[in-house]
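Only one structure is covered here, and it is reproduced in the block below.
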Amino acid sequence: MFLLLYVGIDHRLLIVAAFLAWRKNKEQELKKKSSDKSLDKEYEEMIKKEEKTREAKAAYEAWQKQKDAELKAKLLAQKLQKQKEEERKREERAQRRQAARDSYLAWELRKILDPNLLNNSPSLLQAASIDSLKPESARFFLQRQAWRPPSARIPSIT
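The sequence shown maps to residues -18 to -1, 1 to 140 in mature numbering (1 follows the signal peptide of the UniProt record, and there is no 0).
Encoded structure:
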């Protein structure tokens, strides 16, 4: 008020008009803040944000499920491949064992049927008898064959 005394009348009117405009502006802002329409808008915006959040979460969960399924399929494929590889190795090992048995049997038969050995050792004639070559014979089918040096190994007869 003290300031208004020293200012001219024109200035006083301008200051009062500015104050009234400011007060009117503030009242309108307060009305907007307290009005139902603004609350409805805020509520709708909040609902839209929540809906977007739910949609994003659902999309992420779907993506995560897809990635989990892909990973599961990949792990299953690796497991099956590993099982096939183990089966292949098992079969190769069985074939090598069978080839070793056949080789040993061929070596034993050559040793038994060698004419030079037959002349020198008559006891080998008994070993060459038909009974000793039967599959039931322990001499024919040994579970664990004796080790032979590479020089004594004979390739399988085909």
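Every residue gets a Cβ at the ideal spot worked out from N, C-alpha and C, and that includes glycine. Owing to the predicted nature of the structure, the values given are computational and were not obtained by experimental measurement.
Asked	Found
What did DSSP end up calling K47 once you bin it into helix, strand or coil?	helix
Does L62 pass the burial test, meaning 16 or more other C-beta atoms within 10 Å, or should it be called exposed?	exposed
If I measure Cβ to Cβ from S119 and keep anything under 6 Å in the same chain, skipping five residues before and after, which residues do I get?	Because S119 sits at a pLDDT of 48, beneath the cut-off of 50, its placement in the model cannot be relied upon, and the following sentence gives the value as read from the coordinates. There are no such residues.
Near E43, which residues of its chain fall below 6 Å by C-beta distance, leaving aside the five closest residues on each side in sequence?	none
Could you check the C-alpha separation between A(-1) and K14 for me, to the nearest Å?	21 Å
Please report the distance separating the alpha-carbon of L(-6) from that of R5.	15 Å
Please state the DSSP three-state secondary structure of D84.	helix
Using the beta-carbon count (16 or more within 10 Å), is L12 buried or exposed?	exposed
Out of curiosity, what's the CA-to-CA distance linking E33 and A3?	41 Å
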